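Here's the structure we're looking at; comments come further down.
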Amino acid sequence: MAMPQNSTGENGFCFAQTLDFSRPSPPPGEAGRTFDAPSARGPCGTPLSNSTASSSPSDSCAEPLCSSTPREEETQFGEGIKYVSAEGEELACGWGGFTPGCLQLFNTSKGILFFLCVASFLQGMTVNGFINTVITSIERRFDLRSYQSGLIASSYDIAACVCLTFVSYFGGNGHKPRWLGWGVLVMGLGSLLFALPHFTTGRYEARSAAEVGVCGGNQSLPCAQAASSLSGYRFVFMLGQFLHGMGATPLYTLGVTYLDENVKTNYSPVYIAVFYTAAILGPAAGYLVGGMFLNIYTEIGREIDITPENTLWVGAWWIGFLGAGAASLLISVPILGYPQRLPGSQRYIVMRVSEAHQLKDGSHKKASDPDFGKTVKDLPRSVLLLLKNPTFIFLCLAGATEATLIAGMSTFGPKFLESQFSLSASEAATFFGYLVVPAGGGGTFLGGFLVNKFKLRCSGIIKLCLLCTVSSLLAIFIFFIHCPNMPMAGVTQMYEGSALPGGHLNLTAACNAECACLQETYSPVCGSDDIMYYSPCHAGCKKVSENLRNGKKVYHECSCIEKTLLPGPGDAEAGKCTSSCAKRPLLLFFMFVVILFTFLSSIPALTATLRCVSDRQRSFALGIQWIVVRTLGGIPGPIAFGSMIDKSCLLWQDQCGEQGSCYIYQNSAMSRYTLIAGLVYKVLGTSFFIVACLLYKPPPPESAPGSSGASENGNCDLQGHKPSLPAEEDI
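What follows is the structure in structure tokens.
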């Protein structure tokens, strides 16, 4: 039986001659025994496929192409089929010559998916979870401002931009699992470095209100003690984030394409969705676990008389980074052992149908050359081909707009909730985690599921992204509403309840004029009149009770607080007043909707990017896309949001005349700035998806590689019959 003669196709196959197998076709009753022995087992000693056993005689063309390609068959037919990858390559799982049989159980698409999911979970938990959770604590511990913490967050994206071109171009044509394994290892080193400042600085001394807070107490706080040079440690944090960015660069470029190359086209969105869902659940776990760690005092084992509700409290922000760093070092070992391609994956490459955007000058066909992209001299041509692809360009721009909002809100989302609902840092982080788990994780998986369920082609996928972006655009109008600030004497209102003239702070009043209170000592208390005060001293409190009420200290004889029923001075509890904002459920619900639809479009947009470029450019295209996304979105996002949030600050830390971090934000201004930023970027994203959809030019139906009769979903259907592929190999 003779195979059809095709020239080099999109997937890099070159049939040098007609394949003519001398043995005659078996009768229908014996078709099941064709190639039974050689195709039954792969190079790792594990079953690969029984596809040939269930094929019909009319499937003769499908038998050698669509079945697995173990080394025995490669040896037998090596002269007839020339693959892009080196013939006779070792497909066993292991390290060098150490390839025990027990490891081959994991040498499957499910196996590598599991380890990549663990790696993406750790990356998300560390970079997008722990760091965003502990931002407030790090600002407080190392005297940083919001824009400086924004720089720390952006260092991750800066590193990624520096490494992406090199990693995606050379790694895309190299041994992907080795690039991935070394990347995860570097990421683990970055986590350990990020925790280092805790061990190299002196003990954190939180001067409690019992020591310097009450009226008439010892108010001396020398500037030599108050001022610090700890802000220089931000460069250590930036270096740790830089290593995080370097290590994660292969994960979301080479990791995605490695999965895409080793599974059926139909199931690729599901595999990628599972991979990205793990990356979304990582931050959610980071928020929840990080919030728990923040309830532990940073100096473990040391007794302290302040509670987590106190604004001077700094939690054990560093524990999570030590654990995540050690786990990353461990998970890099199995990833390094995977082969360049998985056993049996070659059949999926044969079955792939190109959906690459068709350029008018036909230059997109250059990327079909099996030798294209193997040397540095092809790099400019690769970049030019992508720049000439308008669908790819506008998908990148749309991704950048979404990334700006995701980066900004993930960094400062807990701080937004902390301010709006008057929560502690740990409570806000836990709240935000509860939002991200179902909305972000569910949206990510659902996006990939919808693409697979409805078998969407590239144009349909872009329309789905457009629908999701419009839905989140409508939901973002919820930021028109906000929770009012809890009243704070001398900050949001005068001590007698009137508005502050010109919005200027006035923390001194007749009731506390004799207390000589220091502005450096910020320790808010909630009076029995439901008004917050800067400190027990500013509330005029003269005594502190030894007995706790609800786990909080109680201050008595506060001259600035009037009792509600009886005349005389009132009491105050340590910590912020609890917010009773009636708009909280509505605000949380629509924030959930915004997060859901934003992440719902992420996997479809990624799938559309993979589909609209040539197969040999997929890794490089993802690298270029991440450069655009991070340069225009990930890097400026946290910095812009940090500067915006700084503008809404009402009360700055004062360290002997020097401005520190922000204590109190104006909720209305914070919501207004968030609304403006959300509208601008969502409108831009919607516009970019519309243009990408209008400019996309799919290939003609007869351009399927290897056949003019390939089915719509990429199944090998050369003679009108689909080969039977076992379910356990497909999914």
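If you use UniProt numbering, the sequence shown corresponds to residues 1 to 731, in order.
Think of the CB as a built atom: it goes at the ideal place given N, C-alpha and C, for glycine as much as any other residue.
Just so it is clear, the structure is predicted and the values come from calculations on it, not from any experiment.
{"query": "Return the chain-ordered list of same chain residues with a C-beta closer than 7 Å to the C-beta of TYR696, the five sequence neighbours on each side being excluded.", "result": "HIS357, THR391, CYS458, SER459, ILE462 and CYS612"}
{"query": "According to DSSP, what are the bridge partners of CYS649?", "result": "TYR665"}
{"query": "What are the boundary residues of the beta strand (DSSP E) that HIS556 is part of?", "result": "554-562"}
{"query": "Rounded C-beta distance between GLU309 and SER424? I'm assuming under 8 Å.", "result": "5 Å"}
{"query": "Run the CB neighbour count on GLN625, radius 10 Å, all protein chains shown included, and call it buried at 16 or more, exposed below.", "result": "buried"}
{"query": "Closest to LEU464 by C-alpha separation, out of ILE478, ILE476 and GLY448, would be which residue?", "result": "GLY448"}
{"query": "When the Cα of VAL594 is compared with those of PHE479, LEU650, PRO636 and ILE531, which residue comes out closest?", "result": "PHE479"}
{"query": "Flag PHE106 as yes if its beta-carbon sits less than 8 Å from any beta-carbon of chain C, otherwise no.", "result": "As a matter of chain content, chain C is missing from the structure shown, which is built from one protein chain."}
{"query": "Classify ALA539 as buried or exposed, calling it buried when 16 or more other Cβ atoms lie within 10 Å of its own Cβ.", "result": "buried"}
{"query": "Would you tell me roughly how many angstroms separate the C-alpha atoms of GLY442 and GLY301, rounded to the nearest one?", "result": "39 Å"}
{"query": "Would you mind working out which of CYS560, GLU520 and THR492 sits nearest GLU514, comparing C-alpha positions?", "result": "CYS560"}
{"query": "Any contact between the segment 289-308 and the segment 162-173? By contact I mean 3 or more CB pairs, one from each, below 8 Å.", "result": "no"}
{"query": "Which one of LEU694, GLY408, LEU342 and ILE306 has the shortest CA to CA distance from GLU546?", "result": "ILE306"}
{"query": "If contacts are defined as beta-carbon pairs under 8 Å, then LEU243 and GLY190 qualify, I think. What distance do you get, rounded to the angstrom?", "result": "3 Å"}
{"query": "On a Cα-Cα basis, can you pick out the residue from THR126, THR136 and VAL127 that is closest to LEU417?", "result": "THR136"}
{"query": "Output the residue ranges of the alpha helix (DSSP H) runs that lie fully inside the segment 558-634 and measure 4 residues or longer, sorted by chain position.", "result": "584-600, 602-611 and 618-629"}
{"query": "On the DSSP bridge list, what partners appear for ALA489?", "result": "GLN493"}
{"query": "For SER668, which of TRP652, MET644, SER528 and ASP654 has the nearest alpha-carbon?", "result": "MET644"}
{"query": "Quick one: what's got a C-beta closer than 8 Å to SER231's C-beta in the same chain, skipping five residues either side?", "result": "PHE142, ASP143, LEU144 and GLN148"}
{"query": "Closer than 8 Å is the cut-off here; do at least three beta carbon pairs connect the segment 572-586 with the segment 491-500?", "result": "no"}
{"query": "Could you say which of TYR534, GLY575 and THR265 lies nearest to LEU548 if we only look at CA atoms?", "result": "GLY575"}
{"query": "Going by CA-CA distance only, name the one from GLN241, TYR233, ILE335 and LYS264 that's closest to PHE114.", "result": "ILE335"}
{"query": "Cβ of GLY633 within 8 Å of Cβ of ALA278?", "result": "no"}
{"query": "Quick one: residues in its chain with C-beta nearer than 7 Å to the C-beta of THR578, no 5 flanking neighbours on either side, listed in chain order?", "result": "SER422"}
{"query": "With DSSP as the reference, label VAL544 as helix, strand or coil.", "result": "strand"}
{"query": "Using the C-alpha atoms, what's the distance from LEU466 back to GLY413?", "result": "25 Å"}
{"query": "Are there 16 or more other CB atoms within 10 angstroms of the CB of ALA677, so buried, or fewer, so exposed?", "result": "buried"}
{"query": "Spatial neighbours of ALA327 within its chain, please: C-beta separation below 7 Å, excluding the five flanking residues on both sides.", "result": "LEU122"}
{"query": "Among PHE394, CYS517 and THR598, which one has its Cα closest to the Cα of PHE689?", "result": "PHE394"}
{"query": "Determine, using beta carbons only, whether CYS93 and GLN104 come nearer to each other than 8 Å.", "result": "yes"}
{"query": "Is the separation between the beta-carbon of THR401 and that of GLY286 shorter than 8 Å?", "result": "no"}
{"query": "In this structure, how does DSSP classify CYS468 when only helix, strand and coil are distinguished?", "result": "helix"}
{"query": "Pull the bridge partners of TYR533 from the DSSP assignment, please.", "result": "VAL525"}
{"query": "Give the single residue among SER109, LEU193 and GLY240 whose Cα lies nearest to the Cα of SER154.", "result": "GLY240"}
{"query": "Just the Cα atoms here: how many angstroms apart are THR430 and LYS563?", "result": "35 Å"}
{"query": "Sort ASP646, ILE272 and TYR156 by Cα distance to THR609 and report the nearest one.", "result": "ILE272"}
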